[in-house]
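Novice:
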């Protein structure tokens, strides 16, 4: 009904749903369930208990909606997990499982994206055969085995749409244009797009500075908007800037398929700038709240940790009538975990921010569908009879399905999942629910509230352009997680890696205690940079050779196809 271009989005969404089901199975089955069943229960440790000062509001709806209170001190976030090497009667190695699942989800995502791109490249290797295109569609399109009226209607709509796509392709191939005017308009359009991106970046920078000011003065003194201003501004920019880019692209007069790619590239640049501005804002917020200078001064981090530990020592000493015994043999005093002071857990705070951004982006998408599509369609449908002009063909008319905005929204949201799932294991589950509901809600909105585009164009047979952007956002999303794993010490009193200098030390600890000594030596030799760098160089050279070989095979196939076509034309 709407053409292969709209169908390509829903095929991509279904593929993403399958990927997230695998990620959800890994995090849920190997991290969340073992901790819930075999780990220490809620209230047994300070990291698993709501502080006394927060107990009064821990179950309020506003607190839970903000993923604080009981939600913060649960298996949903990093800080709840204990640093015991083994838990339960199965002796399940929770820190090792947490680390391997985090690394494995990223590795699996890279593998499946690259594999899908290679498969699509093979499917698209022979080019399109447009010889006698209309004749083939006219005489061979109908399926005479159809016996169901609804199936026949769908087939009729499919054939009609394919003719529209073929007509657009033929018109574009024969189009003549003023090359100088076209170049001027395209330069103007790119200038306007750059101005829009610059304005968006400045607005986010301004809002981040305001949020830092609010954090210094205390967020409890401000309302809901000030506390969520960064998330809401990012969501609103993601909602309105694609529409502005769509208006700008009308100046360029590109083929619809090329125009879609330009639109995707511009929105991708917008979302990418928003994403990394959000990361910078998170680091600044961590610096303000926890005094953790993450990428700068490790010495200050250790100093802050020592101060917190010393304060905890003073608190423990106050339990013994205010004195600090050096060689005390007194029995330990039983204290409720809710009353024990604790240090800041920056990993949980980062995970909360990613979950809030994902939920707010989901709510913005649903509200946009209900208001921008459904209510608009209802207004046009029922007020068209009593209005001064034709609402269906004039303003506002029925909306078209925004392919570029929805595709980039899907890719951007998946980047947030990859980046934040290490700090919030619940993110893949939230994304599975989001994709499941989006599939049916957007399908309903398209069929009931949208109209096909004025120029229905044929999408490419592969979704490799979508996959290339997804691979790029996957690479950029893994950089912050890898940086924290390799370079930043974990929080000392929360999470499965507390007590370690670096998160990856769980691997060396496992090799030392659970494997023979010779295996640890072999692993040490294998991880030597002197072996890894030549191996990476060999892989790069192999990829270059295979890529060059595949291009030569593709060119040979196209040349052979042209020869066959010329032979056929001579015989005719």
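In full-length UniProt numbering, the protein residues as written are 1 to 572. Positions of the beta carbon are idealized from the N, C-alpha and C atoms, including for glycine.
1. Taking Cβ positions only, does residue 153 come closer than 7 angstroms to chain B?
2. Are there 16 or more other CB atoms within 10 angstroms of the CB of residue 2, so buried, or fewer, so exposed?
3. Between which two residues does the alpha helix (DSSP H) holding residue 542 run?
4. Tell me the rounded alpha-carbon separation between residue 301 and residue 491.
5. What did DSSP end up calling residue 75 once you bin it into helix, strand or coil?
6. Is the beta carbon of residue 368 closer than 7 angstroms to that of residue 434?
7. So what does DSSP say about residue 399, is it helix, strand or coil?
8. Going by C-alpha to C-alpha distance, which of 73, 249, 517 sits closest to residue 348?
9. Using CA atoms only, rank isn't needed, just tell me which of 47, 157, 365, 68 is closest to residue 56.
10. Mind checking residue 377: buried by the 16 CB within 10 Å criterion, or exposed?
11. Alpha carbon to alpha carbon, how far is residue 107 from residue 24?
12. In angstroms, rounded to a whole number, what distance separates the CA positions of residue 324 and residue 528?
13. Is the beta carbon of residue 481 closer than 7 angstroms to that of residue 77?
14. Give the DSSP-derived three-state secondary structure of residue 146 in the structure shown.
15. Tell me the DSSP secondary structure of residue 299 in three-state form.
16. Would you check if the distance between the CB atom of residue 267 and the CB atom of residue 358 is smaller than 7 angstroms?
17. Taking Cβ to Cβ, would you say residue 411 is nearer than 7 angstroms to residue 473?
18. Determine the direct distance from the alpha carbon of residue 563 to that of residue 416, and round the result to whole angstroms.
19. Which stretch, first to last residue, makes up the alpha helix (DSSP H) that contains residue 226?
20. Residue 524: which of 534, 512, 535 sits nearest, CA to CA?
21. So residue 101 and residue 26 are supposed to be a Cβ contact under 8 angstroms. How far apart are they, rounded?
22. Along the chain, where does the alpha helix (DSSP H) that runs through residue 366 open and close?
23. Using a threshold of 7 angstroms, state whether the C-beta atoms of residue 62 and residue 50 are closer than that.
24. Classify residue 92 as helix, strand or coil using the three-state DSSP reduction.
25. Taking Cβ positions, are residue 501 and residue 489 nearer each other than 7 angstroms?
26. Here's the rule I'm using: 16 or more other beta-carbon atoms within 10 Å means buried, otherwise exposed. How should residue 403 be labelled?
27. Considering only their Cβ atoms, is the gap separating residue 98 from residue 407 smaller than 7 angstroms?
28. Can you check DSSP and say which residues form a bridge with residue 451?
29. Would you mind sorting residue 394 into buried or exposed? The rule is 16 or more other CB atoms within 10 Å of its CB.
30. Does the Cβ of residue 450 have 16 or more other Cβ atoms within 10 Å, making it buried, or fewer, making it exposed?
31. Distance, Cα to Cα, residue 241 vs residue 270?
32. Buried or exposed for residue 296, going by 16 or more other Cβ atoms inside 10 Å?
33. Once DSSP output is grouped into helix, strand and coil, what is the label at residue 87?
34. Looking at the structure shown, is residue 502 part of a helix, part of a strand, or coil, going by DSSP?
35. Along the chain, where does the alpha helix (DSSP H) that runs through residue 81 open and close?
36. How big is the Cα-Cα spacing for residue 167 and residue 134?
Specialist: Answer, in terms of the structure:
1. The chain labelled as chain B is not found in the depicted structure, where only one protein chain is given.
2. buried
3. 529-571
4. At residue 301, the pLDDT of 48 sits below 50, so the modelled position is not reliable; the number obtained from the coordinates is stated separately. Between residue 301 and residue 491, the C-alpha separation is close to 10 angstroms.
5. coil
6. no
7. strand
8. 73
9. Nearest option by C-alpha distance: 68.
10. With 16 or more neighbouring CB atoms inside 10 Å of its own CB, residue 377 falls in the buried class.
11. Taking the CA atoms as reference points, residue 107 sits about 15 angstroms from residue 24.
12. Residue confidence is low: residue 324 scores 48 on pLDDT, short of 50, so the model does not pin down where it sits. Its coordinate-derived value is still stated next. C-alpha separation (whole angstroms): 47 angstroms.
13. no
14. Looking at residue 146 - three-state DSSP - the assignment turns out to be coil, as it is neither helix nor strand.
15. Because residue 299 sits at a pLDDT of 43, beneath the cut-off of 50, its placement in the model cannot be relied upon, and the following sentence gives the value as read from the coordinates. Per DSSP, reduced to three states, the secondary structure at residue 299 is helical.
16. no
17. yes
18. Computed Cα separation, rounded: 49 angstroms.
19. 224-227
20. Among 534, 512, 535, the Cα nearest to that of residue 524 is on 512.
21. 5 angstroms
22. 346-368
23. no
24. strand
25. yes
26. Counting Cβ neighbours within 10 Å, residue 403 comes out buried, since at least 16 surround it.
27. no
28. 400
29. When all chains shown are included, residue 394 counts as exposed.
30. Burial state of residue 450 is buried, judged by a 10 Å Cβ sphere holding 16 or more other Cβ atoms.
31. 8 angstroms
32. Here the model assigns residue 296 a pLDDT of 39, short of 50, so the residue's position is not dependable, and the following value carries that caveat. So residue 296 counts as exposed.
33. strand
34. Three-state DSSP puts residue 502 in coil, outside helix and strand.
35. Per DSSP, residue 81 belongs to no alpha helix (DSSP H) and is neither H nor E.
36. 9 angstroms
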